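K.L.:
Residue numbering for the sequence shown follows my numbering, beginning at 527 and increasing consecutively.
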Amino acid sequence: MTQKAKSSIFIVIISAVLLAIIGCSTGETRTEERISDKPASSKEEVKEPDPTPSPTPTPVIDMEEGSYAISEMPLFAIEGTDYVPFAYKTELISSVKVEEEDPEAEDAEESEDKEDKAAEDSEDGEGEEEVDTSKYYNTYKITLKSGLKFADGSDVTADDVLFNIKAHAGRDYRGEYALGELDIPGMKEFHSQVPEEDRVKVETIIAAGGFDVEEEKYPEIEGIDPKEQDDVWACYDEAGERFAQNIIDYVNSHYALNAYVNAFMSGYLTYAKVEADENLKTAFAYIVWGYGKKSNPYNYRKNTLTTVSGKVWDLNEETIGAMELWEEIKEYYKGDLSADGIDNDAAPGTETIEELMAQAYYAKQDYSIPEISSIFKGTTVEDGSDAIRECIYLTISSEEDLGNFNFFLTDPKVYETTGELNDPEVIIEVEDEESEEGESEDGEESTEE
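Shown next, in the form of structure tokens:
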């Protein structure tokens with residue numbers, strides 16, 4: 527083994543040891559107890575925590591059943607003419623013109639003029655001109671060809687194009703030609719259904735809240751009304767209850783073994799008994815997460831729980847749940863919302879307290895963002911013609927390849943949408959008459975999609 531290889535192995539070993547030390551030294555007895563009290567047991571006995579699952583699209587149902595999830599939108603049509611890609615230089619588009627171009631895309635002569643002007647200003651003592659390095663967006667006018675028809679003879683309109691764009695740009699769409707990841711202004715708001723201005727405001731209010739919100743006054747924030755702060759912080763306990771419930775759910779799904787119950791609570795208990803009693807499920811989470819008294823937090827004979835703060839719960843007479851656990855968490859961290867505070871105890875794979883607060887606030891607002899703000903229809907007159915034509919305006923980052931703005935154009939009339947915007951479980955029903963015609967001509971290919 528070479529000296530370099532030995533050195534590399536030594537560094538890896540030292541790094542692993544340091545990580546182990548850091549992981550076991552969170553600074554408080556409560557947290558140390560949670561980690562150190564995990565019972566030693568074989569791999570067969572210990573249920574490894576499941577990784578956070580990624581969103582799974584709802585499977586496509588056979589076409590003859592006539593319903594599909596929008597996350598796997600069926601890319602079929604009555605005839606092949608209804609199933610064509612919308613891309614630059616196809617049979618659908620007459621022209622693509624840049625309406626507002628990236629200011630950095632100047633010709634050489636203009637660039638030289640600016641450089642000469644900057645040099646003159648520098649000689650005159652005015653200083654060099656600052657270079658704007660911010661991101662730019664190009665706006666394109668995409669004009670549809672005239673006379674486009676669907677298989678039933680109806681006209682292809684700009685609204686039909688917008689329908690297909692929104693279907694392919696949905697937050698949970700996982701099918702072919704997804705548009706949701708493209709850098710298009712308004713796409714994030716379309717996905718979250720939260721205006722950007724409100725998102726920034728709420729995040730600013732929460733970020734200023736590293737204090738005990740129940741005992742101290744909110745700090746003044748320039749440009750934000752104190753009433754708006756009240757409205758956001760009114761969601762604190764609601765979010766906290768969800769935060770605590772995430773812990774309870776996590777513990778009772780990842781530590782659902784007799785070995786853990788015996789080690790943390792009592793040798794006389796089984797997990798089956800814990801699972802059947804909501805009080806015991808909550809008590810189990812208290813103790814595993816380090817919110818039980820350091821020694822003997824659960825008294826099996828009396829059926830009582832003693833918390834880290836010294837409170838004794840009589841589980842025969844009293845009910846404990848997520849809100850009670852949240853109160854214990856608040857008391858322990860004194861409103862510290864940092865990564866070393868309350869968020870340090872977030873169940874793996876779940877939201878932080880800040881994220882839950884924002885979600886709770888947004889849920890109380892009457893937001894509606896049915897469109898992508900930088901994609902809309904218009905009309906134009908093509909060069910050399912007096913005919914008014916429909917067009918689509920698209921604003922997209924200059925860093926994006928325009929060719930990626932592509933999707934299959936399908937007649938919206940064959941779909942009936944139900945459910946909420948961006949909901950992955952939205953079902954698209956195929957109308958019977960058109961579905962039968964579609965099956966006969968394109969059914970086999972559509973099912974594969």
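Beta carbons are placed, not taken as given, at the ideal position from N, Cα and C, and that holds for glycine. As the structure is a computational prediction, the values presented were derived from the model and not from experiment.
Could you tell me if E844 is buried or exposed, where buried requires 16 or more neighbouring beta carbons within 10 angstroms of its beta carbon?
P.N.:
By the 10 Å Cβ count, E844 comes out exposed.
K.L.:
Tell me Y919's beta-bridge partners as DSSP assigns them.
P.N.:
In DSSP, Y919 forms a bridge with K667 and F902.
K.L.:
Restricting to Cα atoms, I'd like to know which of E916, A693 and N690 is closest to S672.
P.N.:
Of the candidates E916, A693 and N690, the one whose C-alpha sits nearest the C-alpha of S672 is E916.
K.L.:
Count the other C-beta atoms from every protein chain shown that fall within 10 angstroms of the C-beta of I813, then say buried if there are 16 or more, exposed otherwise.
P.N.:
By the neighbour-count rule (16 or more Cβ atoms within 10 Å), I813 is buried.
K.L.:
On the three-state DSSP scale, how would you describe W759?
P.N.:
If DSSP states are grouped into helix, strand and coil, W759 belongs with the helices.
K.L.:
Span of the alpha helix (DSSP H) holding F933?
P.N.:
Not the alpha helix (DSSP H): F933 falls in the beta strand (DSSP E), residues F933 to L935.
K.L.:
According to DSSP, is N690 helix, strand or coil?
P.N.:
Three-state DSSP puts N690 in a helix.
K.L.:
Give, in chain order, every unbroken run of the beta strand (DSSP E) that is at least 3 residues long and sits entirely within the region 760-838.
P.N.:
Fully enclosed beta strand (DSSP E) runs of 3 or longer: 830-832.
K.L.:
Go ahead and pull the three-state DSSP assignment for E707.
P.N.:
E707: coil per DSSP, three-state reduction.
K.L.:
Looking at C-alpha atoms only, which residue of K939, F769, D937 and S718 is the closest neighbour of L849?
P.N.:
Per the sequence shown, residue 849 should be read as Met rather than Leu. When only C-alpha atoms are compared, the closest one is F769.
K.L.:
Let me know if V777 comes out buried or exposed under the rule of 16 or more other beta-carbons within 10 Å of its beta-carbon.
P.N.:
Its Cβ being crowded by 16 or more others within 10 Å, V777 is buried.
K.L.:
Between the Cα of E853 and the Cα atoms of V834, D866 and Y893, which residue gives the shortest distance?
P.N.:
Selected option, being the one with the closest Cα: V834.
K.L.:
Give the straight-line distance between the Cα atoms of V726 and G696, rounded to the nearest whole angstrom.
P.N.:
Cα to Cα, V726 sits roughly 22 Å from G696.
K.L.:
With 16 as the cutoff for other CB atoms within 10 Å, does Y858 come out buried or exposed?
P.N.:
Per the 10 Å Cβ criterion, buried.
K.L.:
DSSP three-state label for V726, please.
P.N.:
Looking at V726 - three-state DSSP - the assignment turns out to be helix.
K.L.:
Using a 10 Å radius around the Cβ and a threshold of 16 neighbouring Cβ atoms, would you call E707 buried or exposed?
P.N.:
With fewer than 16 Cβ atoms within 10 Å of its Cβ, E707 is classed as exposed.
K.L.:
Flag this pair as yes or no: are the beta carbons of E723 and K714 separated by less than 9 Å?
P.N.:
Contact flag unset, no.
K.L.:
Where Y893 and S899 are concerned, what is the direct C-alpha to C-alpha distance, given to the nearest angstrom?
P.N.:
Their Cα atoms are separated by approximately 14 Å.
K.L.:
What does the Cβ neighbour count give for Y794, buried or exposed, with the cut at 16 atoms within 10 Å?
P.N.:
Counting Cβ neighbours within 10 Å, Y794 comes out exposed, since fewer than 16 surround it.
K.L.:
If you check the beta carbons only, do I773 and Q755 fall under 9 Å apart?
P.N.:
Contact flag unset, no.
K.L.:
With distances taken from CA atoms, which of K856, F933 and Y762 is nearest Y888?
P.N.:
For the residues K856, F933 and Y762, the minimum Cα distance to Y888 belongs to Y762.
K.L.:
Using 10 angstroms around the beta-carbon of Y666, count the other beta-carbons present and answer buried if the total reaches 16, otherwise exposed.
P.N.:
Per the 10 Å Cβ criterion, buried.
K.L.:
Could you round the C-beta distance between V687 and L935 to whole angstroms and report it? I think they count as a contact, below 8 Å.
P.N.:
Between L935 and V687 the Cβ distance is about 7 Å, and since that is below 8 Å, they are a contact.
K.L.:
Indicate whether the contact test is met: 3 or more Cβ pairs, each with one atom in the region 901-908 and one in the region 803-812, closer than 8 Å.
P.N.:
Because the criterion of three Cβ pairs below 8 Å is not met, the region 901-908 and the region 803-812 do not touch.
K.L.:
If I measure Cβ to Cβ from W839 and keep anything under 6 Å in the same chain, skipping five residues before and after, which residues do I get?
P.N.:
Result list for W839: L831 and I846, in chain order.
K.L.:
Within 10 angstroms of the Cβ of P745, are there 16 or more other Cβ atoms? Answer buried if so, exposed if not.
P.N.:
It is exposed - the Cβ of P745 has fewer than 16 other Cβ atoms within 10 Å.
K.L.:
CA-CA distance, A760 and K939?
P.N.:
Spanning the two alpha carbons is a distance of roughly 45 Å.
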